[in-house]
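S.K.:
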Amino acid sequence: MAVYILYLVGFLAGITALVGLVLAYVNRSDASAWLQSHYTFQIRTFWIGLGMLVLGAILMIVLIGYLIYLFWVIWTIVRCAKGLALLSKRRPIAEPTSWMFGG
Numbered sequence: 053m054a055v056y057i058l059y060l061v062g063f064l065a066g067i068t069a070l071v072g073l074v075l076a077y078v079n080r081s082d083a084s085a086w087l088q089s090h091y092t093f094q095i096r097t098f099w100i101g102l103g104m105l106v107l108g109a110i111l112m113i114v115l116i117g118y119l120i121y122l123f124w125v126i127w128t129i130v131r132c133a134k135g136l137a138l139l140s141k142r143r144p145i146a147e148p149t150s151w152m153f154g155g
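Residue numbers (my numbering): 53 to 155.
(1) In the structure shown, what three-state DSSP assignment does Leu105 receive?
(2) Answer yes if the segment 55-69 comes into contact with the segment 90-107, meaning at least three C-beta pairs across the two stretches below 8 Å, and no otherwise.
(3) Do you know whose CA, among Val74, Val71, Tyr91, lies nearest Arg80's CA?
(4) Comparing alpha-carbon positions, which option in Met152, Ser140, Phe153, Trp151 lies nearest Trp86?
(5) Going by alpha carbons, who is nearest to Ile126 out of Val55, Met53, Ala54, Phe63?
(6) Check for me: the alpha helix (DSSP H) holding Arg80 runs from which residue to which?
(7) Is it right to say Phe93 is buried, meaning 16 or more other beta carbons lie within 10 angstroms of its own, or is it exposed?
Have a look at this one:
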C-alpha cells in the first residue's frame, strides 16, 4: 500500500516516487505471489511513467508535451487507484506487465 501512496504523493514531492520504487524492488522477492504482482505493477508504473515524462519534455517544443503530461497524471492516478482497490481486497494484479491498467 505504501508504494501506491508514495506514487500519489509524488505529484507534490517527486522524491517520494523514487522511494516507492526502491521499496517495491526491495520487497518484491520476499513477497507472496499475489503481492509480487503488485510490486511488478508498481515498478512498471514508475518506469513507464518516467518514459512518458521524458517524451513529454521532448515534445514540449511542439506543445504536444502538455497532453502527454496530462495523460501521465490520469494514467498514474488510475493505476494507483486500481492497485489500491485490489490490494485492499488482497487480490493480485491480473496482468502486472500491462502498459495500461493491469487487465
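Backbone N, C-alpha and C fix where the C-beta goes; we use that ideal spot for every residue, glycine too. As the structure is a computational prediction, the values presented were derived from the model and not from experiment.
M.R.: If we stick to the structure as given:
(1) To locate residue 105, count along the sequence shown from 1; it is residue 53. The answer is helix: DSSP assigns Leu105 an H, G or I state.
(2) Contact between the segment 90-107 and the segment 55-69 is present: 3 or more CB-CB pairs across the two stretches fall below 8 Å.
(3) The residue labelled residue 80 in the question sits at position 28 within the sequence shown. Of the candidates Val74, Val71, Tyr91, the one whose C-alpha sits nearest the C-alpha of Arg80 is Tyr91.
(4) Numbered from its first residue, the sequence shown carries residue 86 at position 34. The option with the nearest alpha carbon to Trp86 is Ser140.
(5) Working through the sequence shown from its first residue, we reach residue 126 at position 74. The candidate whose alpha carbon is nearest that of Ile126 is Phe63.
(6) Translated into the one-based positions of the sequence shown, residue 80 becomes position 28. Looking at the DSSP string, the run of the alpha helix (DSSP H) that includes Arg80 is 67-80.
(7) To locate residue 93, count along the sequence shown from 1; it is residue 41. Around the C-beta of Phe93, 16 or more other C-beta atoms lie within 10 Å, and the residue is accordingly described as buried.
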